[in-house]
Amino acid sequence: MPRYRVLRSLLFRLDPETSHHITFRALRALYAVPGGARWLRPKRMPHLPLRIMGLALDNPVGLAAGLDKNAECVGPFAAMGFGFIELGTVTPRAQPGNPRPRLFRLLASHALINRMGFNNAGVETFIRNLQRGRTRPCPVGINIGKNKDTPNERALDDYRLAMRAAYPYADYIAVNISSPNTPGLRELQQGAQLDALLAGLQIERTALARQHRRQIPIALKIAPDLDDAQLAEIAQLVTRHHFDAVIATNTTVLRPGLEHEHHANETGGLSGRPLKTLSTAVIRKLYGHLQGQVPIIGVGGIENADDAWEKLLAGAEALQVYTGFIYEGPEIIRQITEGLARRVTDLGCATLADALIKARS
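Position in the sequence shown (first residue = 1) + 5 = my numbering.
If you want it as structure tokens, here you go:
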């Protein structure tokens, strides 16, 4: 961690997107060197296995979508010890996203604001990059979205196209209808639009499962800015349409307690420490509606094992990190996993699932 703090201090002197591109180039170069993956792999990684969506994970800490949009660093991220990684968001056609600057650090609050706008190279390039990657030691999810210029009444067409392209290469697919940076996208989380979208994707999944002779899980990624009635409706629809998980949550358009922060008034989605309480509240309410029928993957403001345990107690079964990973570095994976493993032992349990049952009761 001290070494990463030195590196972070250098990277944080640069524009966030510039830092991102430099880091990705360095990771790809290191991973390409024979034996380079060893430098990325944690020295002492506890084994904390679990199953979610039918997938076997070595630990519950995953990489959230948004960091590797084009499947450029699959090998390096998998080597760091993540239990699973989620790539994207990828859209059927390439698109540039919103004008720069579009990514901002809120340093005092360990937060980010982004208005990237689903910038990506398109699903064909994404799949080529993924195929070029080396053998993947952990499950890989592909997060799909619609193009900005596709109207909501044709959104299902875009999600179908992306799903068809991604299906043979994904361990699961995440459906992103919750980014605040594509105009109108969040309207798909409501009522008849959501019902029709989920129904159409389930039909498409059934056809693809027959074609490829395997059924892969589908997860729905939701926003934190939803009221209890909306969460109840989402819970009802993901259950009705046999979705395999809900990812809670994406970024927020709210700015809780950030009046003092430079960049706090920038348009976009807020992630990191200030999102923690809001996302945990959504998980807790959603779990109350789902009652374990559909697993929840908890995201938002996780920086350490205490944050992770809080999300799990609220109802999550697995976790994802993004902004915490940016601020804390790869050691966050081992530190969270070690902290959770200690809690399992302290509760006298053999598995994380058993520990959560005991702790929640």
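The C-beta atom is built at its ideal place from N, Cα and C for all residues, glycine as well.
The structure presented is a predicted model; accordingly, all values stated were derived computationally and were not measured.
| Three-state secondary structure assigned by DSSP to residue 95 | Residue 95 sits at position 90 when you count from the first residue of the sequence shown. Looking at residue 95 - three-state DSSP - the assignment turns out to be strand.
| task | Could you check what DSSP says for residue 165 in three-state terms: helix, strand or coil? | result | In the sequence shown, the residue the question calls residue 165 occupies position 160. Looking at residue 165 - three-state DSSP - the assignment turns out to be helix.
| query | Relative to the alpha-carbon of residue 96, which residue among 148, 60 and 338 has its alpha-carbon at the smallest distance? | reply | Counting from 1 along the sequence shown, the entry for residue 96 is found at position 91. With distances taken between Cα atoms, residue 96 lies closest to 148.
| said: Closer than 8 angstroms is the cut-off here; do at least three beta carbon pairs connect the region 255-272 with the region 287-296? | reply: no
| query | Is it right to say residue 254 is buried, meaning 16 or more other beta carbons lie within 10 angstroms of its own, or is it exposed? | reply | As a first step, residue 254 must be located in the sequence shown, where it is residue number 249. So residue 254 ends up on the buried side.
| task | Go through its chain and collect everything with a Cβ distance to residue 161's Cβ below 6 angstroms, but skip five positions before and after it. | result | As a working mapping, residue 161 is identified with position 156 in the sequence shown. So the list reads 202 and 205, once near-sequence residues are dropped.
| field | Whole-angstrom distance between residue 22 and residue 100, CA atom to CA atom | value | Numbered from its first residue, the sequence shown carries residue 100 at position 95. Numbered from its first residue, the sequence shown carries residue 22 at position 17. When rounded, the distance between both Cα atoms is 16 angstroms.
| query | Roughly how many angstroms lie between the CA atoms of residue 91 and residue 144, to the nearest whole one? | reply | For the purposes of this step, residue 91 is taken as the residue at position 86 of the sequence shown. For the purposes of this step, residue 144 is taken as the residue at position 139 of the sequence shown. Spanning the two alpha carbons is a distance of roughly 9 angstroms.
| message | Between residue 24 and residue 278, how many whole angstroms is the CB-CB distance? I'm expecting something under 8 angstroms. | response | By 1-based counting over the sequence shown, the position of residue 24 is 19. By 1-based counting over the sequence shown, the position of residue 278 is 273. No, residue 24 and residue 278 are not in contact; Cβ-Cβ is about 19 angstroms, not under 8 angstroms.
| field | Separation of residue 130 from residue 341, as counted between CA atoms | value | For the purposes of this step, residue 341 is taken as the residue at position 336 of the sequence shown. For the purposes of this step, residue 130 is taken as the residue at position 125 of the sequence shown. So the two alpha carbons sit approximately 33 angstroms from each other.
| With C-beta atoms as the reference, is residue 172 less than 8 angstroms away from residue 224? | Within the sequence shown, numbered from 1, the residue matching residue 172 stands at position 167. Within the sequence shown, numbered from 1, the residue matching residue 224 stands at position 219. For residue 172 and residue 224, no; Cβs fall outside 8 angstroms.
| message | Rounding to the nearest angstrom, what Cα-Cα distance links residue 71 and residue 61 in this structure? | response | As a position in the sequence shown, residue 71 is number 66, starting the count at 1. As a position in the sequence shown, residue 61 is number 56, starting the count at 1. The alpha-carbon atoms of residue 71 and residue 61 are separated by roughly 23 angstroms.
| request: Look up residue 226 in the DSSP assignment and give the residues it is bridged to. | output: For the purposes of this step, residue 226 is taken as the residue at position 221 of the sequence shown. The partner list for residue 226 (beta bridge, DSSP) reads 181 and 252.
| First through last residue of the alpha helix (DSSP H) which encompasses residue 111 | For this step, residue 111 is matched to residue 106 along the sequence shown. Looking at the DSSP string, residue 111 is not in any alpha helix (DSSP H); the run it does join, the beta strand (DSSP E), is 108-111.
| query | Expressed to the nearest angstrom, what Euclidean distance is found between the alpha-carbon atoms of residue 313 and residue 155? | reply | Here residue 313 refers to the residue found at position 308 of the sequence shown. Here residue 155 refers to the residue found at position 150 of the sequence shown. Approximately 37 angstroms, taken between the alpha carbons.
| query | Of all the options 301, 168 and 152, which has the alpha carbon lying nearest to the alpha carbon of residue 190? | reply | If you number the sequence shown from 1, residue 190 lands on position 185. Looking at the Cα atoms, 152 is the closest of the given residues.
| request: Could you name the residues that DSSP lists as bridge partners for residue 56? | output: Here residue 56 is taken as the residue at index 51 of the sequence shown, counted from 1. Beta-bridge pairing links residue 56 to 61.
| So residue 76 and residue 128 are in contact, right, with Cβ under 8 angstroms, and what is the actual spacing, rounded? | Your numbering for residue 76 matches position 71 in the sequence shown. Your numbering for residue 128 matches position 123 in the sequence shown. In fact, because the Cβ distance is near 10 angstroms, the residues do not count as touching under 8 angstroms.
| Residue range of the beta strand (DSSP E) that residue 301 falls in? | Counting from one through the sequence shown, the residue named residue 301 turns up at place 296. Unbroken beta strand (DSSP E) run through residue 301: 301-304.
| message | I need the DSSP call for residue 373, collapsed to helix, strand or coil. | response | What the structure shows of the chain is the stretch from 6 to 366, and residue 373 is not part of that stretch, so it cannot be assessed.
| Distance between beta carbons of residue 59 and residue 229, contact taken as under 8 angstroms | On the sequence shown, residue 229 is found 224 positions in, with the first residue counted as 1. On the sequence shown, residue 59 is found 54 positions in, with the first residue counted as 1. At roughly 27 angstroms, the Cβ-Cβ gap does not stay under 8 angstroms, so residue 229 and residue 59 are not in contact.
| query | Measuring CB to CB, does residue 69 end up less than 8 angstroms from residue 326? | reply | In the sequence shown, residue 69 corresponds to position 64, counting from 1. In the sequence shown, residue 326 corresponds to position 321, counting from 1. Cβ distance < 8 angstroms, so residue 69 and residue 326 count as in contact.
| 4 or more residues per run - each alpha helix (DSSP H) lying fully within the region 333-361 | 336-351
| task | Please go through the same chain and pick out, in chain order, the residues whose beta-carbon is closer than 8 angstroms to the beta-carbon of residue 247, but skip the five residues on each side of it. | result | For this step, residue 247 is matched to residue 242 along the sequence shown. Closer than 8 angstroms at Cβ, skipping near neighbours: 207.
| task | Taking residue 94 and residue 184 to be in contact with their CB atoms under 8 angstroms, please state how far apart those CB atoms are, rounded to whole angstroms. | result | If you number the sequence shown from 1, residue 94 lands on position 89. If you number the sequence shown from 1, residue 184 lands on position 179. Yes, they are in contact, since the Cβ atoms of residue 94 and residue 184 sit about 7 angstroms apart, within 8 angstroms.
| task | Tell me where the alpha helix (DSSP H) around residue 199 begins and ends. | result | For the purposes of this step, residue 199 is taken as residue 194 along the sequence shown, with counting starting at 1. Looking at the DSSP string, the run of the alpha helix (DSSP H) that includes residue 199 is 196-217.
| Going by beta carbon distance, what residues of the same chain come within less than 6 angstroms of residue 47, once the five residues before and after it are set aside? | On the sequence shown, position 42 is the one that residue 47 refers to. Hits under 6 angstroms: 86 and 339.
| Candidates 351, 116, 20 and 28: which alpha carbon is nearest residue 373's? | A question about residue 373 goes unanswered here, because the residues of the chain that appear run from 6 up to 366.
| field | Alpha-carbon spacing of residue 357 relative to residue 275, whole angstroms | value | By one-based count along the sequence shown, residue 357 stands at place 352. By one-based count along the sequence shown, residue 275 stands at place 270. Taking the straight line joining both Cα atoms gives about 30 angstroms.
| request: Out of 164, 73 and 157, state which residue places its alpha-carbon closest to the alpha-carbon of residue 135. | output: The residue labelled residue 135 in the question sits at position 130 within the sequence shown. Looking at the Cα atoms, 73 is the closest of the given residues.
| task | Buried or exposed for residue 38, please, with buried defined as at least 16 other CB atoms from any protein chain shown within 10 angstroms of its CB. | result | As a working note, residue 38 is residue 33 in the sequence shown. Its Cβ having fewer than 16 others within 10 Å, residue 38 is exposed.
| request: Kindly list the residues whose CB is nearer than 6 angstroms to the CB of residue 98, restricted to its own chain and excluding five residues on each side of it in sequence; keep chain order. | output: For the purposes of this step, residue 98 is taken as the residue at position 93 of the sequence shown. Once the five neighbours on either side are set aside, the close Cβ partners of residue 98 are 127 and 152.
| task | Go ahead and label residue 353 buried or exposed: buried means 16 or more other beta carbons lie within 10 angstroms of its beta carbon, across all protein chains shown. | result | The residue labelled residue 353 in the question sits at position 348 within the sequence shown. Residue 353 comes out exposed.
| query | Whose C-beta lies closer than 7 angstroms to the C-beta of residue 3 among residues of the same chain, with five residues either side of it excluded? | reply | Beyond the ends of the chain as shown, which are 6 and 366, falls residue 3; an answer cannot be given.
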